[in-house]
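Participant:
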Amino acid sequence: MDFKLPILAPSLLASDYTKLGEEIEKCNQADTKWLHCDIMDGHFVPNISFGPKFVEAAGSCTEAFLDVHLMIEKPDQYIEAFADVGANQITVHQETCPHLHRTIQNIHQQGITAGVALNPATSLQAIEPVLDIVDLVLVMSVNPGFGGQSFIEHTYGRLQKLRKMRDELGAGFLIEVDGGVNLDNISKVVSSGADVLVAGSAVFNAKNIPKRIENLREKAQAGKGTMV
Ligand code: DX5
Ligand code: ZN
2 MDFKLPILAP SLLASDYTKL GEEIEKCNQA DTKWLHCDIM DGHFVPNISF GPKFVEAAGS
62 CTEAFLDVHL MIEKPDQYIE AFADVGANQI TVHQETCPHL HRTIQNIHQQ GITAGVALNP
122 ATSLQAIEPV LDIVDLVLVM SVNPGFGGQS FIEHTYGRLQ KLRKMRDELG AGFLIEVDGG
182 VNLDNISKVV SSGADVLVAG SAVFNAKNIP KRIENLREKA QAGKGTMV
């Protein structure tokens with residue numbers, strides 16, 4: 002993965018599905034490098050979203066890197082299906098993977114990058130043994146399941162800790178934050194250690210989506226200059 006950091010990843014969960022192509026085109030206009038796809042199964046999280054067909058449709062509208070976030074039980078059963086429709090990266094939750102190391106290997110076998118996500122109540126230590134093989138760690142800043150929730154403040158401290166763990170290990174994974182990221186907090190999220198910012202409602206609820214993406218990116222860039 003060779004992207005200029007920080008990366009803004011609009012989450013299609015908050016887009017208007019009746020005009021998905023147009024919504025994605027607005028992201029393309031703003032030169033969006035990543036698009037985030039939230040897959041929910043109604044078991045691991047209380048909500049149901051969309052599946053591989055939707056990801057395939059989204060991919061046909063963009064050249065952006067498809068960042069697929071699986072909030073589902075038994076994710077191994079679906080890795081191939083999402084890779085086949087064009088996922089460039091699959092992120093699984095630590096909480097759903099009793100054999101996390103093997104699951105990461107399964108993702109890599111598809112020739113794509115692998116992320117591991119952590120709920121707000123899961124200790125960073127739970128993924129320490131796989132930090133040398135993952136490409137990305139997703140720190141949830143809300144309890145997964147819904148867009149439009151408020152950012153949980155303890156995330157800043159977790160980001161700083163994770164960045165320190167990465168430095169100490171000399172590891173190369175990216176740090177992604179997901180949930181409640183907006184114009185007011187994005188600078189601080191980046192200065193706390195995030196490389197990739199997922200934003201759903203902050204992007205798609207805006208009147209002018211390309212302009213909002215640019216504004217979020219500017220603020221993220223400003224945060225990069227003030228790393229704490
Ligand atoms: C939450 C999802 C998020 C969600 C973010 O379970 O993983 O990606 O779409 O939405 P906002 O930015 O509205 O909090
Ligand atoms: Zn997500």
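For the sequence shown, this note's numbering begins at 2 and goes up steadily by one.
All C-beta atoms in this analysis are idealised placements derived from N, C-alpha and C, irrespective of residue type, glycine included.
This one's a predicted model, so the numbers in the text were calculated from it and none came from an experiment.
For P53, which residues of its own chain have a beta-carbon under 7 Å away from its beta-carbon, when the five flanking residues on both sides are left out?
Facilitator: Excluding positions up to five away in sequence, the list reads A82, F83, V86.
Participant: Less than 8 Å between the CB atoms is what I'm expecting for A15 and F205, so what's the real figure, rounded?
Facilitator: Confirmed, about 4 Å.
Participant: Pick out every residue whose C-beta is nearer than 6 Å to a heavy atom of the ligand ZN: which are they, in chain order?
Facilitator: Selection output, chain order preserved: S12, H37, D39, H70, D179, V199.
Participant: In terms of residues, what are the limits of the alpha helix (DSSP H) holding L21?
Facilitator: Note, L21: alpha helix (DSSP H), 21–30.
Participant: Could you check if F174 belongs to the surroundings of the ligand NAP, using beta carbon to heavy atom distance under 8 Å?
Facilitator: The ligand NAP is absent from the structure shown, which contains only the ligand DX5 and the ligand ZN.
Participant: Hey, does L21 have any beta-carbon neighbour from chain B nearer than 9 Å?
Facilitator: The structure shown has no chain B; it contains just one protein chain.
Participant: Taking buried to mean at least 16 other C-beta atoms within 10 Å of its own C-beta, is E177 buried or exposed?
Facilitator: E177 is buried by the Cβ-count criterion.
Participant: Quick one: residues in its chain with C-beta nearer than 6 Å to the C-beta of V191, no 5 flanking neighbours on either side, listed in chain order?
Facilitator: Same-chain partners within the cutoff: P7, A221, G224, K225.
Participant: Does the beta-carbon of F147, which I'm using as the reference point, lie nearer than 8 Å to any heavy atom of the ligand DX5?
Facilitator: Under cutoff, so the answer is yes.
Participant: Identify the residues that DSSP records as bridge partners of Q95: which are they?
Facilitator: For Q95, which the question treats as bridged, DSSP gives no partner whatsoever.
Participant: Take every Cβ of the region 192–211, pair it with every Cβ of the region 155–171, and state whether three or more of those distances are shorter than 8 Å.
Facilitator: Yes, the region 192–211 is in contact with the region 155–171.
Participant: Among I40, I113, I73, E26, whose alpha-carbon lies nearest the alpha-carbon of S61?
Facilitator: Residue E26 is the option with its Cα nearest to S61.
Participant: Between D179 and P211, is the Cβ-Cβ spacing less than 9 Å?
Facilitator: In this structure, P211 does not lie closer than 9 Å to D179 by Cβ.
Participant: In terms of residues, what are the limits of the alpha helix (DSSP H) holding E219?
Facilitator: First-last of the alpha helix (DSSP H) with E219: 210–225.
Participant: So what's L184 in DSSP terms, helix, strand or just coil?
Facilitator: Coil, per DSSP.
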